[in-house]
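**Q**
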Amino acid sequence: MNHSLHSEIPERRRPDVPLRAGMVGFGMIFDETYRPFFEQAGQRGFYSPDVGVITCQLAAVVSLTGRRAEAYRAQAPHHLATFTSETGEHGLQTLLQSSTGAALDAVCIATPDDRHFDAARLALMAGKHVLIEKPSVLSLSELDELHRLAQHHQRLVRVVYHKLFDPDHKRLRTLVVDGVLSHVNHGYCSLLEPKSVGLGQFATWNHGRNPGTYVACHYLKLIDFTFGGRLISVSATGQRGLAGTIDGPTWDSTQLRVTYAYPDRRTASFDIHTSWVTPDNFPGYVEQEVQFRFDNGVWNGHSRKRGIELTVEGRTPHELKTTINTHYNGQAIEPWNERTQRGYGIEAIERFFREVAYIEYASTGTRTSRLQEVNALSFSSLTADRPVVAAVQALEAILASSVNSCPDGVVRVDTAEGGLTLWLPGAAHPVVLYAPKVYQDE
-18 MNHSLHSEIP
-8 ERRRPDVPLR
2 AGMVGFGMIF
12 DETYRPFFEQ
22 AGQRGFYSPD
32 VGVITCQLAA
42 VVSLTGRRAE
52 AYRAQAPHHL
62 ATFTSETGEH
72 GLQTLLQSST
82 GAALDAVCIA
92 TPDDRHFDAA
102 RLALMAGKHV
112 LIEKPSVLSL
122 SELDELHRLA
132 QHHQRLVRVV
142 YHKLFDPDHK
152 RLRTLVVDGV
162 LSHVNHGYCS
172 LLEPKSVGLG
182 QFATWNHGRN
192 PGTYVACHYL
202 KLIDFTFGGR
212 LISVSATGQR
222 GLAGTIDGPT
232 WDSTQLRVTY
242 AYPDRRTASF
252 DIHTSWVTPD
262 NFPGYVEQEV
272 QFRFDNGVWN
282 GHSRKRGIEL
292 TVEGRTPHEL
302 KTTINTHYNG
312 QAIEPWNERT
322 QRGYGIEAIE
332 RFFREVAYIE
342 YASTGTRTSR
352 LQEVNALSFS
362 SLTADRPVVA
372 AVQALEAILA
382 SSVNSCPDGV
392 VRVDTAEGGL
402 TLWLPGAAHP
412 VVLYAPKVYQ
422 DE
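Under this note's numbering, residues -18 to 423 are what the sequence shown spells out, in order.
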């Protein structure tokens, strides 16, 4: 935005009413990022030059059983303990039909990835702004439908790609944009989580799922946003036997390869390895690593080795971890003795609510022009999510074919046969996963 979130302070201020948010899903992600955001933004808010002081109220929660929501209510700060709680598979629909739901400004979706679409669709149909955890959806046709609804109801939809807010990744993109690093040649990314995640926290929903869809999209977005170019092919392999049976649909780990083409006709391939069966006594909460090779340089990043090691007798590495990523999310007692929680995981959520407040309450332009202005910042928009969702849909199709004894498939993007086509060994014709163009500006 040229004049929006950083302009001079306008004369008009928004009404002294908080933005009201609904939360769909109340698991690990809520506790790590949404909880500290709402606790801090509801109590003291945050400042925007275009709007003034913005506060956010967690007005409603939707979850399957409500147990975690009620446990949180019992110990939540007073300003958060008044939220409405709806449960069951139709909890969001019930909420949106209520007076509390009618008053919501936005809905945040942090459910398992295969439940994102239905929740986002309901929220948009009810006229709410929507924030979705990655991956936004699992297919391009679902993405098309959300985009249509967002346009029809004139609402903002953002995807939480918090790694774009990571200071290390912002520095990488800055070097690329400034031309210090020239033309990426290839890259490797890994994100490995412990068994307590894949076999514990996610055990109730991981049947038929895979860790690649769950977290590889972080790096798919980082690659797409940082280096540009166009996705042209996707291939994948994986392993089974711990999270599910050796020949079943549940995957322990995946190895995903995406290839991009650039305007100079050169290409680059990127390998993304993911797992959720790392041993629980691993020293970090998660193992994350990126390596990118350029014509004139090398970038190596390792989020677990950013400089902090901790040893507490009898507590590390199980209860506490030996290595800590305080950039993502860290609790601290400030020098003035205020207890806070900060990090890029929280910043991504705050950015969304800044944008919502700007659209609804800023004095510059019209609401329509402000919405268009925000949507033009495509870093987390639905339009910019097309290559990521294409890669996710391709991964799901390749793994499903492997389960059906047809491994080694390759998905190609925007060929004469279709926008997303799965080519299996020995087959004369591809399976068309998505007929329209993935890149629709051609």
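Positions of the beta carbon are idealized from the N, C-alpha and C atoms, including for glycine.
Keep in mind the model is a prediction, meaning the values are calculated, not measured.
Taking just the CA atoms, how far does Thr303 sit from Ala131?
**A** Between Ala131 and Thr303, the C-alpha separation is close to 44 Å.
**Q** Please specify which runs of the beta strand (DSSP E), each continuous and at least 3 residues long, are wholly inside the stretch 135 to 180, giving them in chain order.
**A** Qualifying beta strand (DSSP E) stretches, in chain order: 138 to 141, 165 to 175.
**Q** Assign Phe98 to one of three DSSP states: helix, strand, or coil.
**A** Of the three classes helix, strand and coil, the one that applies to Phe98 here is helix, per DSSP.
**Q** According to DSSP, what are the bridge partners of Ala249?
**A** BP columns for Ala249 point to Tyr241.
**Q** Under a Cβ-count criterion, where at least 16 other Cβ atoms within 10 Å of its own Cβ denotes burial, should Leu363 be classed as buried or exposed?
**A** Buried is the call here.
**Q** Distance check for Gly26 and Leu137, CA to CA, integer angstroms please.
**A** Taking the straight line from one Cα to the other gives about 21 Å.
**Q** List in chain order: all unbroken alpha helix (DSSP H) runs of 4+ residues lying wholly within the stretch 43 to 75.
**A** Those alpha helix (DSSP H) runs which fall completely within the stretch 43 to 75 and span 4+ residues are 48 to 56.
**Q** Considering only C-alpha positions, which residue in the set Tyr339, Lys202, Leu119 is nearest to Thr36?
**A** It is Tyr339 whose Cα lies nearest to the Cα of Thr36.
**Q** Taking buried to mean at least 16 other C-beta atoms within 10 Å of its own C-beta, is Val239 buried or exposed?
**A** Buried, since its Cβ has 16 or more Cβ neighbours within 10 Å.
**Q** Quick test of the definition: if touching needs 3 or more C-beta pairs under 8 Å, does the stretch 375 to 392 touch the stretch 91 to 102?
**A** Contact fails: fewer than three Cβ-Cβ distances are below 8 Å.
**Q** Can the beta-carbon of Thr235 be found closer than 9 Å to that of Pro192?
**A** Yes, these two residues count as a Cβ contact at 9 Å.
**Q** Strictly by DSSP, which residues pair up with Trp280?
**A** Looking at the DSSP assignment, Trp280 forms a beta bridge with Phe273.
**Q** Could you tell me whether the Cβ atoms of Glu123 and Val370 are closer together than 9 Å?
**A** In this structure, Val370 lies closer than 9 Å to Glu123 by Cβ.
**Q** Give me the Cα-Cα distance between Pro368 and Val196, rounded to the nearest whole angstrom.
**A** If you take the alpha carbons of Pro368 and Val196, they lie about 15 Å apart.
**Q** Look at Gln38 and Leu0 and say whether their C-beta atoms are less than 9 Å apart.
**A** Their beta carbons are under 9 Å apart, which means Gln38 touches Leu0 by this criterion.
**Q** Do Leu77 and Leu103 come within 9 Å of each other at the CB atom, strictly closer than that value?
**A** The answer is yes: Cβ separation under 9 Å.
**Q** If I measure Cβ to Cβ from Pro406 and keep anything under 7 Å in the same chain, skipping five residues before and after, which residues do I get?
**A** For Pro406, where only same-chain residues beyond five positions count, the Cβ hits under 7 Å are Asp389.
**Q** Suppose you measure from the CA of Arg247 to the CA of Tyr266; what does that come to, to the nearest Å?
**A** So the two alpha carbons sit approximately 37 Å from each other.
**Q** Taking DSSP as the reference, what is the three-state secondary structure of Cys198?
**A** If DSSP states are grouped into helix, strand and coil, Cys198 belongs with the helices.
**Q** Given Pro298, which residues of its chain have a CB within under 6 Å of its CB, disregarding the five upstream and five downstream residues?
**A** Excluding residues within five positions, the ones whose Cβ falls inside 6 Å are Asn262, Pro264.
**Q** Just to check my reading of the structure: Pro17 and Ile305 have Cβ atoms closer than 8 Å, yes? What is that Cβ distance to the nearest angstrom?
**A** Actually they are not in contact, since the Cβ atoms of Pro17 and Ile305 sit about 16 Å apart, beyond 8 Å.
**Q** For the beta strand (DSSP E) containing Tyr339, list its first residue and its last residue.
**A** No beta strand (DSSP E) holds Tyr339; the alpha helix (DSSP H) holding it covers 325 to 342.
**Q** Classify Pro116: buried if its beta carbon has 16 or more other beta carbons within 10 angstroms, exposed otherwise.
**A** Looking at its Cβ environment, which holds 16 or more other Cβ atoms inside 10 Å, Pro116 is buried.
**Q** Distance, Cα to Cα, Val88 vs Leu73?
**A** Cα-Cα distance, rounded: 10 Å.
**Q** From the DSSP output, read off the bridge partner residues of Trp404.
**A** Trp404 pairs with Val391.
**Q** Figure out for me which residue from Tyr28, Met9, Phe64 has the closest Cα to the Cα of Ala2.
**A** Nearest C-alpha to Ala2: Phe64.
**Q** Could you spell out the range, first to last residue, of the beta strand (DSSP E) harbouring Ala217?
**A** 211 to 220 is the span of the beta strand (DSSP E), which, as asked, contains Ala217.
**Q** With a threshold of 16 other CB atoms inside 10 Å of the CB of Arg(-7), please say whether the residue is buried or exposed.
**A** For Arg(-7), the pLDDT reaches just 42, beneath the cut-off of 50, and the residue's location in the model is therefore unreliable, leaving the point undetermined.
**Q** Where His254 and Ala224 are concerned, what is the direct C-alpha to C-alpha distance, given to the nearest angstrom?
**A** Taking the straight line joining both Cα atoms gives about 17 Å.
**Q** For the beta strand (DSSP E) holding Ala2, just list the boundary residues, first then last.
**A** Looking at the DSSP string, the run of the beta strand (DSSP E) that includes Ala2 is 0 to 5.
**Q** For Asp252, tell me which candidate among Leu203, Gly222, Lys286 has the shortest Cα-Cα distance.
**A** Taking only the C-alpha atoms, the option nearest Asp252 is Leu203.
**Q** Using C-beta distances below 6 Å, list every residue in its chain close to Cys170, excluding the 5 sequence neighbours before and after it, in chain order.
**A** Around Cys170: Tyr200, Ile253, Val271.
**Q** Is the distance from the Cβ of Val419 to the Cβ of Val394 below 9 Å?
**A** Yes, the Cβ-Cβ distance between Val419 and Val394 is below 9 Å.
**Q** If you drop the 5 nearest sequence neighbours on each side, which residues of the same chain put their C-beta closer than 6 Å to that of Pro417?
**A** Counting only Cβ-Cβ distances below 6 Å, and skipping sequence neighbours, we find Gly400.
**Q** Please classify Ile305: does DSSP put it in a helix, a strand, or coil?
**A** Of the three classes helix, strand and coil, the one that applies to Ile305 here is coil, per DSSP.
**Q** What's the gap between the Cα of Leu301 and the Cα of Arg139?
**A** When rounded, the distance between both Cα atoms is 33 Å.
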